[in-house]
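Visitor: The opening position of the sequence shown corresponds to residue 48 in my numbering, with each subsequent residue numbered one higher.
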Amino acid sequence: MTLIKQTTLTLLAFLLTAVSLHAADRDGELRAAEKAYADGNYPAAAEQYEALIKNYGESAEVYYNLGNAYYKLGRIAPAILNYERALSMSPNDGDTRFNLEMARLRTEDRIEPADGFFGRSFASVRNLLSVDAWAATALLCFVLFAGCLVLFFFSKWMRLRKTGFYLGLLLLFITIMANVFAWSERQDLIVRNAAIVFAPTVTVKSSPDRSGTDLFILHEGTKVTIKNTLGDWLEIRLGDGKEGWIPRKDLERI
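Right under this line is the structure:
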């Protein structure tokens, strides 16, 4: 065995060992956090779940569990924040969506969405699958669309050609929409312009300074969309279309 092969095998063995140890460490810390939660030690559970995210990266499962721990502690804003983060990674998870709605019931502000029927329908369909699932759907439908094109152009039977034509149109439509949904969800993950109010109460101003006119008051747990940034101030928009400025420190981005 040459020196190069020996070195390569040694490096591979080292990397596999490091990955296994890393996974074992994460699993051990996850079990400790789950035990703390099961024992009713919610402060310790929340702290350990936060450490898991910091040390091992984002995870829909850990965000969900962290949201549960904060909910048990009565800290609604962090609970909503982490449920939202879990949903952004796993948008079709029913348990996360249910718990998020339960947490929202404990917030003070009631924001009626300004989106029309089509806007709400688009969002509800888009949230059925994750970015990767929509991308896979688009790829599969495109391959099937290509097969329908072959059927349409090369089949000797008129019935098969008609089937290939109409089925191809349907598959092309699904391919386009799946790409649109995947792009839309990916933009939300990249831009992260949604945020949760963390201050108990915050006065929304007409301009980015303390002397601005008071517009309305928001309470912790309310979800907003960030439009612009100016120094220590953020311009936000609510689901009902209201806009204004609040201090950056009073928000936490999803």
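All C-beta atoms, glycine included, are put in the ideal place defined by N, C-alpha and C.
On a predicted model such as this, the values are computed, not experimentally measured, just so you know.
Can you confirm whether the stretch 242-250 touches the stretch 266-274 when touching is taken to mean that 3 or more C-beta pairs between the two stretches lie within less than 8 Å?
Guide: With a cut-off of 8 Å, the stretch 242-250 and the stretch 266-274 count as touching, because enough Cβ pairs lie within range.
Visitor: What is the DSSP secondary structure of R300, counted as helix, strand or coil?
Guide: Strand at R300.
Visitor: With a cut-off of 8 Å, do at least 3 Cβ pairs link the stretch 222-233 to the stretch 182-195?
Guide: Yes: at least three Cβ pairs fall under 8 Å.
Visitor: Exposed or buried, E159, counting other C-beta atoms within 10 Å across all chains shown (16 or more means buried)?
Guide: It counts as exposed.
Visitor: So, at 6 Å on beta carbons, what are the nonlocal neighbours of E282 in its own chain, with the 5 sequence-adjacent residues on each side left out?
Guide: Only K274, N275 and W292 meet the Cβ criterion.
Visitor: Give the list of continuous alpha helix (DSSP H) stretches no shorter than 4 residues that lie fully inside the stretch 126-167.
Guide: Counting only runs of 4 or more, we get 141-151.
Visitor: Only counting the same chain, and skipping five residues up and downstream in sequence, which positions put a Cβ closer than 6 Å to that of L214?
Guide: Only C195 meet the Cβ criterion.
Visitor: Following the continuous alpha helix (DSSP H) through D235, name the residue where it begins and the one where it ends.
Guide: First-last of the alpha helix (DSSP H) with D235: M205 to V238.
Visitor: To the nearest angstrom, how far is the alpha carbon of A150 from that of W204?
Guide: If I take the Cα positions, the gap works out to 59 Å.
Visitor: Per DSSP, R284 is paired with what?
Guide: T272 and E290, per the DSSP bridge assignment.
Visitor: Give the DSSP-derived three-state secondary structure of F61 in the structure shown.
Guide: The predicted model places F61 with a pLDDT of 49, which falls under 50 and marks its position as unreliable; any figure quoted below should be read in that light. DSSP places F61 in helix when its eight states are reduced to three.
Visitor: Using a Cβ-Cβ cutoff of less than 6 Å, which residues in the same chain neighbour A107 once the five nearest sequence positions on both sides are dropped?
Guide: Cβ within range, chain order: A133, M136 and S137.
Visitor: Mapping the DSSP letters down to three states, classify T260 as helix, strand or coil.
Guide: Here T260 sits in coil by DSSP.
Visitor: On the DSSP bridge assignment, give the partners of V249 in chain order.
Guide: Per DSSP, L265.
Visitor: Alpha carbons only, please: which of Y110, Y103, G166 and L176 is nearest the one belonging to N139?
Guide: The option with the nearest alpha carbon to N139 is L176.
Visitor: Can you check whether the C-beta of V197 is within less than 7 Å of a C-beta belonging to chain B?
Guide: The question asks about chain B, but that chain is absent: this structure has only one protein chain.
Visitor: Looking at the unbroken alpha helix (DSSP H) that takes in L99, where does it start and where does it end?
Guide: Run containing L99: Y89 to Y103, per the alpha helix (DSSP H) assignment.
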